[in-house]
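These notes are about the structure you will find just below.
Numbering (our numbering), first residue to last: 403 to 771.
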């Protein structure tokens, strides 16, 4: 445990703090290791935007790019080498946490190519490939929760690979993600795979929901604006209720009897976008045992400085939160459209970041040549 009382309080409440960032510099200068000791950080998540910022925004990778260029690597192979090297090194940083928590924490996530978000078979193929290349027990492969991604989640889980399901915005889709995970566990059990070694988290995005819905509430005007800043937390709390239902289902209990682990909710996109809202809003309002909160460093430092965690979430909180979503619907917010837009934009943002990374590495390869 760290000496920071606020992050320690959050951890003791059962929330796993993961950092939503990774870079070669963070690995080299020891700042990642220090966050484990000083901020109770127990894992790392990455995404295409994080790698784009890390690789394009520094010269820390130049020597590796030049070396790989001399070996004849193309741009996709170079990016795979750079990103998997960083993830492998981060896995080693968290090896002790992984062992101490029995594989629950100490996890580092790497995402499949965002261009495959709507290609089931190629997502499965790359997920298996990345798992093999990183070659660490504590790696998690991120797969987006698109309709096409659901089948991939099942197939990859069935192979005994731990999956971080990302880009979940609606409770309806989250329920399908839970089903995909449980189906994968059932297939793994049928294949004789030890279920105790399979872990999963479901990354439910929070702040982006408020950003999209707040803008629509402003357009509606009037009393509708009183609902600003309430959708993200309410949506996540309803999702937590779905998690509790799944945890208590006969289907999961049967799997748990054979060693299965629950698919933990992970609160993602927890950096507050609106400066009018408390900067620890999406941490303090979503305290629940067995959950993960992945934070950018700015949010993590705000939590360490002045977080006041709320009470543990319960099924009753989920029921109350559902009323907030009903109020939004009655105010004129088309929630299914909101979630559809957010999923599409989420995939597009990661594709754009990946494209920028490809361009930057291509330019570096040309310069090396």
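Quick reminder that beta carbons are idealized off the backbone N, C-alpha and C, glycines included.
Which residue's Cα is closest to the Cα of residue i: the options?
i           : options               : result
residue 361 : 443, 431 and 448      : Residue 361 is absent from the structure shown; the chain starts at 403 and stops at 771.
residue 659 : 611, 499, 543 and 588 : 588
residue 511 : 444, 681 and 554      : 444
residue 676 : 666, 697 and 617      : 617
residue 378 : 734, 522 and 507      : Residue numbering for the chain in the displayed model covers 403 to 771; residue 378 lies beyond these limits and cannot be assessed.
residue 500 : 549, 519 and 446      : 446
residue 528 : 454, 476 and 555      : 555
residue 640 : 725, 438, 585 and 704 : 725
residue 702 : 508, 719 and 684      : 684
residue 564 : 572, 582 and 548      : 582
residue 517 : 756, 723 and 646      : 756
residue 545 : 762, 748, 471 and 768 : 748
residue 560 : 762, 736, 491 and 586 : 586
residue 614 : 680, 739, 549 and 420 : 739
residue 729 : 673, 709 and 632      : 632
residue 442 : 476, 503, 595 and 713 : 503
residue 694 : 708, 721, 664 and 650 : 664
residue 762 : 674, 533, 481 and 416 : 481
residue 573 : 474, 700 and 723      : 723
Is the Cβ of residue i closer than 8 Å to any Cβ of chain C?
i           : result
residue 446 : Although the question refers to chain C, the structure presented lacks it and comprises just one protein chain.
When the distance is taken between beta carbons, is residue j closer than 8 Å to residue i?
i           : j           : result
residue 605 : residue 668 : yes
residue 440 : residue 406 : yes
residue 464 : residue 484 : no
residue 727 : residue 636 : yes
residue 449 : residue 752 : yes
residue 436 : residue 493 : no
residue 411 : residue 698 : no
residue 597 : residue 657 : yes
residue 571 : residue 745 : yes
residue 642 : residue 591 : no
residue 425 : residue 456 : yes
residue 686 : residue 704 : no
residue 486 : residue 519 : no
residue 648 : residue 580 : yes
residue 477 : residue 764 : yes
residue 706 : residue 413 : no
residue 653 : residue 584 : yes
So the beta strand (DSSP E) residue i belongs to, where does it begin and stop?
i           : result
residue 445 : 443-446
residue 668 : 665-670
residue 696 : 693-697
Does DSSP put residue i in a helix, in a strand, or in coil?
i           : result
residue 571 : coil
residue 651 : coil
residue 516 : helix
residue 776 : This structure leaves residue 776 out entirely; the chain is present only between 403 and 771.
residue 503 : coil
residue 440 : helix
residue 746 : helix
residue 580 : helix
residue 490 : helix
residue 726 : helix
residue 421 : strand
residue 509 : strand
residue 674 : coil
residue 604 : strand
residue 566 : strand
residue 659 : coil
residue 453 : helix
residue 741 : helix
residue 755 : helix
residue 735 : coil
residue 477 : helix
residue 709 : coil
residue 688 : coil
residue 715 : coil
residue 682 : coil
residue 623 : coil
residue 639 : helix
Tell me, to the nearest whole angstrom, how far the beta carbon of residue i is from that of residue j; I am working on the premise that it is less than 8 Å.
i           : j           : result
residue 603 : residue 634 : In fact, because the Cβ distance is near 18 Å, the residues do not count as touching under 8 Å.
residue 692 : residue 599 : Between residue 599 and residue 692 the Cβ distance is about 18 Å, and since that is not below 8 Å, they are no contact.
residue 644 : residue 576 : 6 Å
residue 551 : residue 525 : 6 Å
residue 696 : residue 670 : 6 Å
residue 540 : residue 490 : With 8 Å as the limit, residue 540 and residue 490 do not qualify as a contact, their Cβ atoms being about 10 Å apart.
residue 558 : residue 536 : Their Cβ separation, rounded to whole angstroms, is 14 Å, which puts residue 558 and residue 536 out of contact at 8 Å.
residue 471 : residue 767 : 5 Å
What residue range does the alpha helix (DSSP H) around residue i cover?
i           : result
residue 559 : 549-560
residue 524 : 522-536
residue 595 : First-last for residue 595: undefined, no H or E at that position.
residue 412 : 407-414
residue 426 : 426-430
residue 465 : 464-472
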